[in-house]
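Quick note: the sequence shown uses the UniProt record's numbering, first residue 1, plus one each step. Note that CB positions come from ideal geometry on N, CA and C, so glycine has one too. Computed from a predicted model, the values in this text were never measured in an experiment. Reading through the structure tokens given below for one structure.
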Amino acid sequence: MIREIFVPLLDSPADQTALDAALALALAHEAHIAALVTVANPIPLVTEFGYLPLEVGQDQYEAARAHAENQATQARRQLARELVSSEVRLTDSLLLWSEETAALQAMHADLSLLGGALSRQDSPRVDLTFKRLLLHSGRPVLFLPEGAILPVPLRRVVMAWKPTREATRALHDLLPLLRLTTAVEIVMIDPQVAEGRHGEEPGADIAAHLARHGLSVTVTSLPRLGLQDGPALLRHVQEVGADLLVMGGYGHARWRELVLGGATRSVLENAITPVLFSH
């Protein structure tokens, strides 16, 4: 069941895309929307010339706070016009990075929605927030490329399947979204017919599992044709006109940097269709 949807607002045009999708899901699932606006401390406390005067830091903070308050007010007005339970939180994030604050608050929701376009100037913030949500919150992340529309109910869903923990988690995180949907396509890319991999009949076991949930399941094995997994999946999604791609989100920490897996990064950067990631 989906009872709370978390939407971090990043002061980006894609925020509207995420809010529209959150509203559609909240209406369908009778869920609460919790949006977040953070006030980050923009001040480097020390520069090459020494400490900044306190007055400069205070002025920068007050400007950032005023901008965030305006952003939160606009979001509250939009949500208040809809017949859904909602709140917009305005949170100071002075000791944590704003993406760390978002990941902490996402832990109290069933699903996070993030809008973004990694080709835009604001893409570093989108990228950092996505990685924190995916790898640190323990919750699925529904990524909405700027301008994408999430139909509710979903008409056609493509599940990128491989026998991994991340893909299994994504598949089960998908089930609450299929409340009004009956058809899912399981897609595998050059599945390995071997013990410990896809088994003797790739996709058969997971298709049978989904069928027990009352879903109509088709299984597709795609040849790689010289493509990496990410581009191959995105091409298939466009060819079949899917509303949603679902996949495991892969990544790890390298020193103090969060690094996404190759397919996850490729899909995140190039998708034009909503994508549900789980880690």
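Specify, as a first and last residue, the run of the beta strand (DSSP E) that residue i falls within.
i, result
"Leu-144", "141 to 145"
"Leu-222", "216 to 222"
"Val-157", "157 to 160"
With 16 as the cutoff for other CB atoms within 10 Å, does residue i come out buried or exposed?
i, result
"Pro-124", "exposed"
"Arg-65", "exposed"
"Ala-26", "buried"
"Thr-159", "According to the sequence displayed, residue 159 carries Met and not Thr. By the neighbour-count rule (16 or more Cβ atoms within 10 Å), Met-159 is buried."
"Ala-75", "buried"
"Met-1", "exposed"
"Glu-62", "exposed"
"Met-107", "exposed"
"Pro-140", "buried"
"His-279", "buried"
"Leu-216", "Note that residue 216 is Ser in the sequence shown here, rather than Leu. It is exposed - the Cβ of Ser-216 has fewer than 16 other Cβ atoms within 10 Å."
"Ser-137", "buried"
"Asp-15", "buried"
"Ile-149", "exposed"
"Leu-10", "buried"
"Met-133", "As written in the sequence, residue 133 is Leu, which differs from the Met given in the question. Buried, by the Cβ-count rule."
"Asp-59", "exposed"
"Ala-208", "exposed"
"Ala-232", "buried"
"Glu-166", "buried"
"Glu-201", "exposed"
"Glu-185", "buried"
Check this for me: beta carbons of residue i and residue j, under 8 Å apart or not?
i, j, result
"Leu-19", "Gln-78", "yes"
"Ile-272", "Pro-145", "yes"
"Ala-183", "Asp-229", "no"
"Gly-251", "Lys-162", "no"
"His-213", "Leu-245", "no"
"Leu-94", "Leu-113", "no"
"Leu-36", "Val-84", "no"
"Gly-147", "Ser-12", "no"
"Val-187", "Thr-220", "yes"
"Ala-68", "Val-88", "no"
"Ser-86", "Ile-33", "yes"
"Asp-243", "Leu-128", "no"
"Asn-270", "Leu-222", "no"
"Ala-21", "Arg-3", "no"
"Ile-189", "Arg-224", "yes"
"Val-152", "Ala-40", "no"
"Phe-277", "Ala-117", "no"
"Pro-8", "Ala-109", "no"
"Thr-91", "Thr-168", "no"
How far does the alpha helix (DSSP H) with residue i in it reach, from first residue to last?
i, result
"Arg-165", "165 to 174"
"Ile-206", "204 to 211"
"Val-193", "Segment: none, Val-193 is in no alpha helix (DSSP H) and carries neither H nor E."
"Pro-124", "123 to 136"
"Gly-262", "262 to 270"
"Leu-104", "98 to 106"
"Val-240", "229 to 240"
Looking only at DSSP bridge pairs, what is residue i linked to?
i, result
"Ser-85", "His-32"
"Ser-112", "Phe-6 and Val-141"
"Leu-177", "Paired residue(s): none; Leu-177 is not in a bridge."
"Met-247", "Phe-277"
"Val-184", "Val-157 and Val-217"
"Leu-90", "Val-37"
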